[in-house]
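In the numbering used here, the protein residues as written are 0 to 148. From the three backbone atoms N, C-alpha and C, an ideal C-beta is built for every residue, glycine too. Have a look at the structure below before the remarks.
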């Protein structure tokens with residue numbers, strides 16, 4: 000997934016998200032820091048949220064079922080992977096990938112999983128804590144080999 004693909008998905012879901020939240024166009028525009036006129040144009044497909052507003056939508060509305068279905072779970076990993084071309088953070092507990100993830104490789108106490116929708120990868124330890132995420136499988140495998148040293 001690229002930033003442009005991420006933005007297009009957010010663009011295409013903005014009206015559904017707004018309705019899911021029971022926001023008026025005025026309220027949604029205010030929450031996102033854009034004009035109502037711009038929001039109307041985005042909802043009609045005539046212009047785009049852009050990277051910053053797409054990230055804002057996905058952050059502010061992170062509990063949206065519409066977003067979770069569109070991106071295959073939470074969007075934080077995707078946003079950070081796109082922003083930093085690979086992201087590593089203090090270990091975070093996950094649900095282990097029971098719904099949106101498939102195991103790619105298991106090596107010792109670590110496993111690589113791929114999100115079935117966004118196609119990004121992550122490394123989990125044996126307690127299902129996320130160690131690393133990226134869209135680059137070669138780099139994820141390199142990190143996995145470093146972890147097993």
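Q: Spell out the partners DSSP gives residue 114 in its beta bridges.
A: 100
(Q) Quick check on the DSSP output: the alpha helix (DSSP H) that includes residue 27 runs from which residue to which? (A) 24-31
Q.
For residue 126 and residue 54, I'd like the C-alpha separation in whole angstroms.
A. 29 Å
(Q) Would the stretch 1-20 count as touching the stretch 33-47 if we require 3 or more Cβ pairs under 8 Å? (A) yes
Q.
Counting C-beta neighbours from all protein chains within 10 Å, is the total for residue 32 16 or more, i.e. buried, or is it exposed?
A. exposed
Q | residue 59 - DSSP class collapsed to helix/strand/coil | A | helix
Q.
On the DSSP bridge list, what partners appear for residue 123?
A. 110, 129
Q: Mind checking which residues open and close the alpha helix (DSSP H) that includes residue 37?
A: 35-42
**Q.** Closer than 8 Å to chain D by CB, residue 44
**A.** This model lacks chain D altogether, as it is built from one protein chain only.
Q. Within 10 angstroms of its Cβ, does residue 123 collect 16 or more other Cβ (buried), or is it exposed?
A. buried
Q. Exposed or buried, residue 41, counting other C-beta atoms within 10 Å across all chains shown (16 or more means buried)?
A. buried
Q.
Short of 7 Å in beta carbon distance, which residues of its chain neighbour residue 102, apart from the five on each side in sequence? Order them along the chain.
A. 110, 112
**Q.** Contact check, residue 132 vs residue 76, beta carbons under 8 Å
**A.** yes
Q: Just the C-alpha distance for residue 29 and residue 117, rounded to the nearest angstrom, thanks.
A: 29 Å
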